[in-house]
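All remarks here apply to the structure that follows.
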Amino acid sequence: MEIVDTKIEGVFLLKPHIFQDERGYFFESFNQKKMNEKIKVNFVQDNQSLSSKNILRG
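Numbering (this note's numbering), first residue to last: 49 to 106.
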């Protein structure tokens with residue numbers, strides 16, 4: 049995840065690194081260690097994924 053400063057003080061743009069192929073995609077939408085570099089929050093981690101039809105993730 050890349051945390052980008054904006055022109056508005058205290059506002060950041062969170063740009064996840066998306067891993068995508070024919071099966072779907074996965075990305076880490078939150079990482080506490082990376083977030084704490086700029087923003088102090090009490091939230092550990094959040095991930096999102098999408099799997100295409102007939103794909104089983106394990």
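We put the CB at the ideal spot given by N, CA and C, even for glycine.
None of these values were measured; they are calculated from a predicted model.
- prompt: In angstroms, rounded to a whole number, what distance separates the CA positions of Glu85 and Ser97?
  reply: For the purposes of this step, residue 85 is identified with residue 37 of the sequence shown, where counting begins at 1. For the purposes of this step, residue 97 is identified with residue 49 of the sequence shown, where counting begins at 1. Taking the straight line joining both Cα atoms gives about 25 Å.
message: So, with DSSP's three-state summary, where would you put Lys63?
response: If you number the sequence shown from 1, residue 63 lands on position 15. Here Lys63 sits in strand by DSSP.
- prompt: Nearest to Asp94 by alpha carbon, out of Asn79, Phe74, Val52 and Tyr73?
  reply: Position 46 of the sequence shown, counted from the start, is the residue given in the question as residue 94. For the residues Asn79, Phe74, Val52 and Tyr73, the minimum Cα distance to Asp94 belongs to Asn79.
field: For Phe60 and Ile66, believed in contact at Cβ under 8 Å, the rounded distance
entry: As a first step, residue 66 is located in the sequence shown; it is residue number 18 there, counting from the start. As a first step, residue 60 is located in the sequence shown; it is residue number 12 there, counting from the start. About 18 Å separates the two Cβ atoms, so there is no contact after all.
- prompt: From Gly58 to Lys88, what does the alpha carbon distance come to, in whole angstroms?
  reply: On the sequence shown, residue 58 is found 10 positions in, with the first residue counted as 1. On the sequence shown, residue 88 is found 40 positions in, with the first residue counted as 1. Their backbone Cα atoms lie some 11 Å apart in a straight line.
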